[in-house]
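The sequence shown begins at 1 in the numbering used here and counts up by one. Note that beta-carbon positions come from the ideal geometry of N, C-alpha and C, so glycine has one too. These figures come from a predicted structure and were not determined experimentally. Inspection log for the structure reproduced underneath, given as structure tokens.
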Amino acid sequence: MEYLDRKLSALGIRLKDADSRKVTGEVFDEVTLLALYKLVKKNVIASMGGSISTGKEANVFLAGKTDEDGNEISAAVKIYRLRTGNFTTMSDYILGDPRFAGIRRTHKDIIFAWTKKEYSNLSRTKEAGIPCPTPYAFDRNILVMQFLGEGNIPYPQMRLRLPGTPAEGYEETIGLIRDLYQKARLVHGDLSEYNILTGPNGLILIDMAQAVTPEHPRAYNFLFRDIKNINRFFGTKCKTTDEHELFRDIVGEEFFEI
Numbered sequence: 001m002e003y004l005d006r007k008l009s010a011l012g013i014r015l016k017d018a019d020s021r022k023v024t025g026e027v028f029d030e031v032t033l034l035a036l037y038k039l040v041k042k043n044v045i046a047s048m049g050g051s052i053s054t055g056k057e058a059n060v061f062l063a064g065k066t067d068e069d070g071n072e073i074s075a076a077v078k079i080y081r082l083r084t085g086n087f088t089t090m091s092d093y094i095l096g097d098p099r100f101a102g103i104r105r106t107h108k109d110i111i112f113a114w115t116k117k118e119y120s121n122l123s124r125t126k127e128a129g130i131p132c133p134t135p136y137a138f139d140r141n142i143l144v145m146q147f148l149g150e151g152n153i154p155y156p157q158m159r160l161r162l163p164g165t166p167a168e169g170y171e172e173t174i175g176l177i178r179d180l181y182q183k184a185r186l187v188h189g190d191l192s193e194y195n196i197l198t199g200p201n202g203l204i205l206i207d208m209a210q211a212v213t214p215e216h217p218r219a220y221n222f223l224f225r226d227i228k229n230i231n232r233f234f235g236t237k238c239k240t241t242d243e244h245e246l247f248r249d250i251v252g253e254e255f256f257e258i
């Protein structure tokens, strides 16, 4: 642990609290340190803070990023764990995606592609004008993106705070699914109340690595599942629309004429 701490310090990365050190041995292996080194050299990362969240495949850390004026601003650094990443689940979303048709099927290559895929999906979503974190850079298994929160406190998940009444939250969420498909040509693929944040201006999509284009062989299965998940969450809070009706409205009548 002390060795890794010295390595990170040598890269100009400051572990600001004890929470960061608890996961150091699991997350900051040699490959990750090399990726961090490159991101520091490119002035993408200036410092590393405490853990924001720990998921099944990744840890997200609060970080410092130098802006164009030389000031340090908050950013989020998502590090996909090379040792414990869910290779099987990732493969299901990547290997059917035409954007990653040539990817090798090794564990490390899948995780590297997964990181690149999230960067690509966030960029595509942002360009379509749909609220999500702005992606800054990626390298190997590390993604650096906009920190969504105030005072170093992340915005709450939608399950903890709705943007207005349940009916308003439901309509806004369905609108996000529709816009993601129609404007960004993406299907989230794992949408739930856990990966939508409630910000001061409304809902924000996060965790976009698994998102696929309509060309993916399971894209429409994923879309229907996303709709069902949202109806499940809001079903006890307000009136919802039938999943099949929503699906037809989002994909358009042309889909059923093929």
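First and last residue of the uninterrupted beta strand (DSSP E) at Gly-202 | 202–205 is the span of the beta strand (DSSP E), which, as asked, contains Gly-202.
Pick from Pro-135, Pro-98, Gly-50 and Asp-190 that is closest to Phe-61, judged by C-alpha positions | Of the candidates Pro-135, Pro-98, Gly-50 and Asp-190, the residue whose Cα lies closest to the Cα of Phe-61 is Gly-50.
Coarse secondary structure for Ala-101, derived from DSSP in three states | If DSSP states are grouped into helix, strand and coil, Ala-101 belongs with coil.
Flag this pair as yes or no: are the beta carbons of Asp-226 and Ile-177 separated by less than 8 Å?
-> Going by C-beta atoms, Asp-226 is nearer than 8 Å to Ile-177.
Residues in its own chain within less than 8 Å of Leu-82 by CB, not counting five upstream and five downstream?
-> Setting aside the 5 residues that flank it on each side, Leu-82 is surrounded in the same chain by Asp-29, Val-31, Thr-32, His-107, Lys-108, Ile-111 and Asn-141, each with a C-beta closer than 8 Å to its C-beta; the list follows chain order.
DSSP state of Phe-147 mapped onto helix, strand, coil | Coil.
Thinking just about the alpha-carbon of each residue, which of Pro-217, Arg-159 and Thr-134 is nearest to the one in Gly-189?
-> Ranked by how close their Cα comes to the Cα of Gly-189, the residues Pro-217, Arg-159 and Thr-134 have Pro-217 in first place.
Assuming Ala-76 contacts Gly-64 under a Cβ cut-off of 8 Å, what Cβ separation, rounded to an integer in Å, is found between them?
-> The C-beta distance from Ala-76 to Gly-64 rounds to 11 Å, too long to meet the 8 Å contact threshold.
Counting along the chain, where does the alpha helix (DSSP H) carrying Tyr-170 start and finish?
-> For Tyr-170, the enclosing alpha helix (DSSP H) starts and ends at 166–182.
Inspect the beta-carbon positions of Glu-193 and Arg-159 and report whether they are closer than 8 Å.
-> A contact, by the Cβ cut-off of 8 Å.
What alpha helix (DSSP H) runs, 4 residues minimum, are completely inside the segment 103–139?
-> Listed in chain order, the complete alpha helix (DSSP H) runs (minimum 4 residues) inside the segment 103–139 are 107–127.
Can you give the Cα-Cα distance for Asn-229 and Gly-70, rounded to whole angstroms?
-> So the alpha carbons of these two residues sit roughly 43 Å apart.
Pairwise C-alpha distance: Val-27 and Arg-21 | Summary for Arg-21: the model assigns pLDDT 49, below 50, so the residue's position carries little reliability, and this model does not support an answer.
Shortest alpha-carbon distance to Asn-152 belongs to which of Ser-91, Glu-72 and Gly-164?
-> For Asn-152, the nearest C-alpha among the options comes from Glu-72.
Residue range of the alpha helix (DSSP H) that Tyr-220 falls in?
-> From DSSP, the alpha helix (DSSP H) with Tyr-220 extends over 219–234.
Hey, would you say the C-beta of Gln-210 is under 7 Å away from at least one heavy atom of the ligand GDP?
-> The ligand GDP is absent from the structure shown, which contains no ligand whatsoever.
By Cβ distance below 6 Å, which residues in the same chain neighbour Gly-199 in space, the five residues on each side in sequence not counted?
-> These residues qualify, in order along the chain: Tyr-155.
Residues in its own chain within less than 8 Å of Pro-166 by CB, not counting five upstream and five downstream?
-> Counting only Cβ-Cβ distances below 8 Å, and skipping sequence neighbours, we find Phe-234, Lys-237 and Cys-238.
Residue closest to Val-40, alpha-carbon to alpha-carbon, out of Ser-53, Met-90 and Val-144 | The option with the nearest alpha carbon to Val-40 is Val-144.
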